[in-house]
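According to this note's numbering, the sequence shown is numbered sequentially starting from 678. In this text, a Cβ means the ideal position worked out from N, Cα and C, and glycines have one as well. In this text the structure is predicted, and so the values were computed from the model without any measurement.
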Amino acid sequence: MNLKLSEKISSISPSVTLEITAKAKQMKSEGIDVIGFGAGEPDFKTPENIRKAGIEAIKEGKTGYTAASGLKELKDAICYKLERDNNLSYSAENIIISDGAKHSLFNALSSILNPGDEVIIPVPYWVSYPELVKLADGTPVEVNTPEENDFKYDIDMLNKALTNKTKALILNSPSNPTGTIYSKDELEQISKWAIKNNIFIISDEIYEKLVYDNNTHISIAQLNEDIKKQTIVINGMSKAYAMTGWRIGYAAAHKHIIKLMSNLQSHSTSNPPSMSQYASIEALRGDEKAIHEMKKHFTNRRNYMVEKINSIKYLSCKSPKGAFYVMANISKLKGKTIKGKKIDSSIQLANMLLDEAHVAVVPGLAFGNDDYIRLSYATYLDNIKEGLDRIEKYIK
């Protein structure tokens, strides 16, 4: 094509996770038995009470446009949830409902950033963070959070990354891909730092209900009113409620920020699906026993995966405290040769495992750290056992 295309959009990298998933699906369609550890969604059906609410909305003809920023009834349900679960008091004017949490993140970043503004991002990061910042004309500033620090920021790291262009900090707890959770003390330190330096906090809390053992989720916004004003809380229905295809995310923030996000959304996507919004009201106000059952399975799967990975020569991992991913350290495997092929990157290893062992994992380079691969335990335990056995056999 001779016509010039957008330089900004041309600079955006495709999602490696989606590429691996697409390749694995293609192999499956060709009759190859592939075990997939790339999934970023629960392998459970949306709970029955939520599905019924969506069906009833359709039967009752609640299928038209809503307000661009979402239903008032759902905003009220979100406020109820935030008060109940997070001790956060908001009103409907502080809430926007979007087409998934990723959409909420895009709207938030687009509403606070000006060209050249810097956003601090932890490494390993969720694959879309840097690209979303770039789409909003910002500059991602990646901060390496080492495994020995449980993949978390500390204040020294933040001070080194701070410049006069720093506008925001992305905080993801529980984290994708590491499963790490920030404690109250750690959040208080970050809160003081952000207030002192006048920095926005983008707090991605999409995995908040998927925490294990005796760990608890704390939203940084609940610590005090000052940090609450500087925080944009991002959440959604996809993970805890197994509602990935329903496409409902939401943000809670100062009303001036929400107003800008709503204006943007009104000219881009308008409202999220109406029937999905009605189903989400039931999810937030209804019985949550399905979540507890899902967590039991995730806990058992996590425990098996962590123990097995740590028993495989050259591999190791920490036990994640939340979400449903394990970051397996492959640094001791790099430089080794398997079947005549020298392993020099996580992408190469991921392709070797997929092509030859028929196991799909996500290379750590997609998350900013080439010394890891990510495995999701959002799949049946039998699949986890078979997949890890294949990996162990291939490495041996």
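- Cβ contact annotation for leucine 786 (same chain, cutoff 8 Å, sequence separation greater than five): Val796, Leu809, Val810, Leu812, Ala813, Gly815, Ala845, Ile879, in chain order.
- Listed in chain order, the beta strand (DSSP E) runs fully inside the stretch 840-868 are 843-849, counting runs of at least 3 residues.
- Three or more beta-carbon pairs separated by less than 8 Å link the stretch 861-871 to the stretch 826-840, which places the two stretches in contact.
- Here the alpha carbons of serine 996 and asparagine 987 stand approximately 10 Å from one another.
- About 5 Å separates the beta carbons of leucine 864 and isoleucine 897, which is inside the 8 Å limit, making them a contact pair.
- Here the alpha carbons of isoleucine 989 and leucine 937 stand approximately 50 Å from one another.
- When only Cα atoms are considered, proline 1040 and serine 860 end up about 28 Å apart.
- In this structure the stretch 1031-1040 touches the stretch 1048-1060; the number of beta carbon pairs closer than 8 Å is three or more.
- If the five residues before and after proline 719 are omitted, its C-beta is found closer than 6 Å to the C-beta atoms of Ala919, Ala1055, all from its own chain and listed in chain order.
- Glutamine 703 sits exposed, since fewer than 16 C-beta atoms from the chains shown fall within 10 Å of its C-beta.
- Boundaries of the alpha helix (DSSP H) around proline 807: 805-812.
- In the DSSP assignment, alanine 1005 forms a beta bridge with Cys994, Ile1050.
- In the structure shown, threonine 921 adopts helical secondary structure according to DSSP, grouped into three states.
- Nearest to alanine 1027 by alpha-carbon distance, out of Asp710, Ala716, Lys886, Ile697, is Ile697.
- In this structure tyrosine 1057 is exposed. Its beta-carbon is surrounded by fewer than 16 other beta-carbon atoms within 10 angstroms.
- In the structure shown, glycine 1041 adopts helical secondary structure according to DSSP, grouped into three states.
- Taking one beta carbon from each stretch, the stretch 756-776 and the stretch 931-945 have 3 or more pairs nearer than 8 Å; the two touch.
- By the Cβ test, the stretch 720-729 is in contact with the stretch 947-963, since at least three Cβ pairs between them sit closer than 8 Å.
- Rounded to the nearest angstrom, the gap between the Cα atoms of tyrosine 742 and lysine 749 is 13 Å.
- Taking the Cα positions, glutamate 984 is about 19 Å away from isoleucine 712.
- In terms of CA proximity to methionine 1004, Asp1047 leads the group Asp1047, Lys973, Lys1018, Val1036.
- Only residues of its own chain outside the window of five on either side were considered, and among them Ala754, Lys758 have a CB closer than 6 Å to the CB of leucine 961, listed in chain order.
- Secondary structure note for threonine 976: its alpha helix (DSSP H) is the uninterrupted segment 966-988.
- Glycine 913 is classed as buried because its beta carbon has at least 16 other beta carbons within 10 Å across all chains shown.
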